[in-house]
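Q: What follows is a structure written as structure tokens; I'll ask about it next.
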């Protein structure tokens, strides 16, 4: 193999190297506060390389030449866009978690950052993978790191979250793998680009095994994307895992899941007769997922658990765009993921500060938080407005884009379900705002928020508003990148 | 004498997968659940190696894929056992029905 091709994996290799350096530094130093700084420097370096690659690709008008690790990892603009999304979100998670890790994860801080970096690197490879073996190994590498991270607090709830996540994740991977193997058996190849024409040719005589493979792959991804009826692990894991891990799961892991789903469904399974099978399944699952997520969120009292159901509901909106098998669908998924990422990062940065400062995860205990920390409450409110989809925030434009492509695809009923769901979601999102602004605090002291966390909160909140006011640049970048996916 | 072919292996793999799935759903001991997950992955390995042997043009892809699956299964088992030890220290049992701290 051409060693030079490995330079296309530079962003991932930097993250992996940084993870190893963090473990070494953890061994030799007593001041553990240096660990998030080392991690952040590594991620920043990786972001620099990603941005350089992405801007070069977005400037070139045509798909001239795509350098890639032969037959395994693509280096197209969409892959770079997801890399940037994943690494920038990881940086935000590291920034928001540094105080939490310092206080709560004594004795395992180096491993926390290392696992976070390994998971991020695996997810970046996952979203760029162009064949099944690479995708499977990357998916499992990130998964195993996440199982360990979910159980990191080692208390009753955290270990239970870890083992539930592991067992359900293991079973879902087995479903996905079985579907992949059937595809491999039918086509004799593991490359997405090779599978599509082979399936098209074999559809007439092998319709049944192809349908079985599609159903198994949809079920496998259903778990990963938190789609109905495979969403049951989400609230438990979100509640039990350490809050920064919940933040990572809800943003980075979700973006990676949709990134790989885009490639597998729109590329490998995107040829017309096969695509017809899963687009209807996804449209139906999208409606059920958003409805279940929103209805279940209505009766939650724990903020992390509520965000779990909120994340299920948001997955429903994303799946509505995933059910559109062309480049407008890909662009809508990408833009929604970017705005969802900045919004949820802001929300979780606030949640980490609030739950740690109040020593409670109950929504009722947020009473008077706005008096104690007006700025924290303000940023959290912006994030919640964006999650509801109220202008002028990123969430509004993201939903508008998704509903727009769904209508063009003839899925008007799905859009109506989505709009009704947005109204339902306003109830529980605004209940959090009400809890913060109405009612008085028992304690008058300011809720502590470290410098790194505040920086993350300010940047993500600003981006949430900015994407709502001037989304044009990101929208056009997303559609340019989406056009690279054939 | 029946010639053993690809379809026999695929049926064996499907049967093993179903047994594994039944085990995941019915076992009360978490170690038993994990063994059933291993069974799921191994049933896939049988299918992979059979496809690698019988389907033309695939080269050694099936066998290589199976090797990766085995590696992943080993890594997953080590994390699973570490989590089970943490749970056992906390509760003195690894019964899945006692996992009720997270509900609602």
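Chains as they are written, first to last, in my numbering: chain A, 1 to 486; chain B, 1001 to 1104. Heads up, the beta-carbon is just placed ideally off N, CA and C, and yes, glycines get one too.
Going along the chain, which residues of its own chain have a beta-carbon closer than 6 Å to the beta-carbon of residue 401(A), five neighbours each way excluded?
A: Taken in chain order, the residues that qualify are 332, 335.
Q: Residues of chain B with CB closer than 7 Å to the CB of residue 104(A), please, in chain order.
A: The contacting residues do not exist; residue 104(A) stays about 16 Å from chain B at best.
Q: Should residue 65(A) be flagged as near chain B, meaning a C-beta pair shorter than 8 Å?
A: For residue 65(A), the predicted model reports a pLDDT of 48, less than 50, meaning its position is unreliable and no value from the coordinates is stated.
Q: Around the Cβ of residue 55(A), are there at least 16 other Cβ atoms within 10 angstroms (buried) or fewer (exposed)?
A: When all chains shown are included, residue 55(A) counts as exposed.
Q: DSSP three-state call for residue 360(A): helix, strand or coil?
A: Coil, per DSSP.
Q: Run down chain B in chain order and give the residues with a C-beta less than 8 Å from the C-beta of residue 164(A).
A: Near residue 164(A) (Cβ distances below 8 Å), the residues of chain B are 1099, 1102.
Q: Helix, strand or coil: which one does DSSP assign to residue 131(A)?
A: Strand at residue 131(A).
Q: In whole angstroms, give me the CA-to-CA distance for residue 1098(B) and residue 164(A).
A: Their Cα atoms are separated by approximately 12 Å.
Q: For residue 1127(B), write down the residues that DSSP places opposite it in a beta bridge.
A: This structure cannot settle anything about residue 1127(B), because the visible part of chain B is limited to 1001 through 1104.
Q: Should residue 65(A) go down as buried or exposed, given a rule of 16 or more other Cβ atoms within 10 Å for buried?
A: Model confidence at residue 65(A) stands at a pLDDT of 48, short of 50, so the residue's coordinates are unreliable and nothing is read from them.
Q: Please classify residue 1036(B): does DSSP put it in a helix, a strand, or coil?
A: The answer is helix: DSSP assigns residue 1036(B) an H, G or I state.
Q: If you follow the alpha helix (DSSP H) that residue 278(A) is part of, which residue opens it and which one closes it?
A: First-last of the alpha helix (DSSP H) with residue 278(A): 272-298.
Q: What are the uninterrupted segments assigned as alpha helix (DSSP H) that are 4 or more residues long and contained completely in the segment 140-205 of chain A, given in chain order?
A: Runs of the alpha helix (DSSP H) inside the segment 140-205 of chain A: 156-187, 192-202.
Q: Which residues, taken in chain order from the segment 105-139 of chain A, show a beta carbon closer than 8 Å to some beta carbon of chain B?
A: Under the 8 Å Cβ criterion, the segment 105-139 of chain A contributes 132, 133, 136, 137.
Q: Quick check on this structure: which residue in 113(A), 106(A), 168(A), 153(A) has the alpha carbon closest to the alpha carbon of residue 95(A)?
A: Measuring from the Cα of residue 95(A), the nearest candidate turns out to be 113(A).
Q: Nearest-angstrom Cα distance between residue 210(A) and residue 26(A)?
A: Computed Cα separation, rounded: 49 Å.
Q: Return the chain-ordered list of same chain residues with a C-beta closer than 7 Å to the C-beta of residue 464(A), the five sequence neighbours on each side being excluded.
A: Result list for residue 464(A): 342, 343, 346, 382, 383, 386, 393, 394, in chain order.
Q: Mind listing the chain B neighbours of residue 557(A)? Cutoff is C-beta to C-beta under 7 Å, in chain order.
A: In this structure chain A extends from 1 to 486, so residue 557(A) is not present and cannot be described.
Q: Across the segment 236-248 of chain A and the segment 298-307 of chain A, are there enough close Cβ pairs to call them in contact, namely three or more that are closer than 8 Å?
A: With a cut-off of 8 Å, the segment 298-307 of chain A and the segment 236-248 of chain A count as touching, because enough Cβ pairs lie within range.
Q: I'd like to know if the segment 187-199 of chain A and the segment 282-301 of chain A are in contact, where contact means that at least 3 CB-CB pairs between them fall below 8 Å.
A: As far as the Cβ criterion goes, the segment 187-199 of chain A does not touch the segment 282-301 of chain A, which means the pair count is below three.
Q: Once you ignore the five residues that flank residue 268(A) on each side, which residues in its own chain have a CB closer than 6 Å to its CB?
A: Hits under 6 Å: 192, 195, 196.
Q: Would you please state the rounded distance, in angstroms, between the beta carbons of residue 115(A) and residue 149(A)? I believe it to be under 8 Å.
A: The pair is a contact, with the Cβ atoms about 5 Å apart (cut-off 8 Å).
Q: Could one say the Cβ of residue 228(A) lies closer than 8 Å to chain B's Cβ atoms, at least one of them?
A: Chain B contact via Cβ: absent.
Q: Using three-state DSSP, classify residue 30(A) as helix, strand or coil.
A: Of the three classes helix, strand and coil, the one that applies to residue 30(A) here is coil, per DSSP.
Q: Just the chain A side, please: which residues come within less than 8 Å of residue 1002(B) by C-beta, in chain order?
A: Within chain A, no residue comes near residue 1002(B); the closest Cβ sits about 21 Å away, beyond 8 Å.
Q: Using the rule of at least 16 other Cβ atoms within 10 Å of the residue's Cβ for burial, across every protein chain shown, is residue 217(A) buried or exposed?
A: Result: buried.
Q: Against residue 1110(B), what residues of chain A qualify as contacts under a CB-to-CB distance less than 9 Å, listed in chain order?
A: With chain B represented from 1001 up to 1104, any question about residue 1110(B) goes unanswered, as that position is not in the structure.
Q: What does the Cβ neighbour count give for residue 472(A), buried or exposed, with the cut at 16 atoms within 10 Å?
A: By the neighbour-count rule (16 or more Cβ atoms within 10 Å), residue 472(A) is not buried but exposed.
Q: Does any CB atom of chain A fall closer than 8 Å to the CB of residue 1011(B)?
A: False, the Cβ-Cβ gap to chain A never drops below 8 Å.
Q: Does residue 205(A) get closer than 8 Å to chain B when you measure Cβ to Cβ?
A: No, residue 205(A) does not count as interfacial toward chain B.
Q: Work out the CA separation of residue 1042(B) and residue 1072(B) for me, nearest whole Å.
A: Approximately 11 Å between the Cα atoms of the pair.
Q: What distance in whole Å lies between the Cβ atoms of residue 324(A) and residue 409(A), which are believed to be in contact at a cut-off of 8 Å?
A: Between residue 324(A) and residue 409(A) the Cβ distance is about 5 Å, and since that is below 8 Å, they are a contact.
Q: For residue 212(A), which option in 223(A), 182(A), 202(A), 236(A) has the closest C-alpha, if you only look at C-alpha atoms?
A: For the residues 223(A), 182(A), 202(A), 236(A), the minimum Cα distance to residue 212(A) belongs to 182(A).
Q: Three or more beta-carbon pairs under 8 Å between the segment 33-40 of chain A and the segment 130-149 of chain A, yes or no?
A: No, they do not touch.
Q: Taking just the CA atoms, how far does residue 405(A) sit from residue 317(A)?
A: Going from the Cα of residue 317(A) to the Cα of residue 405(A) covers about 12 Å.
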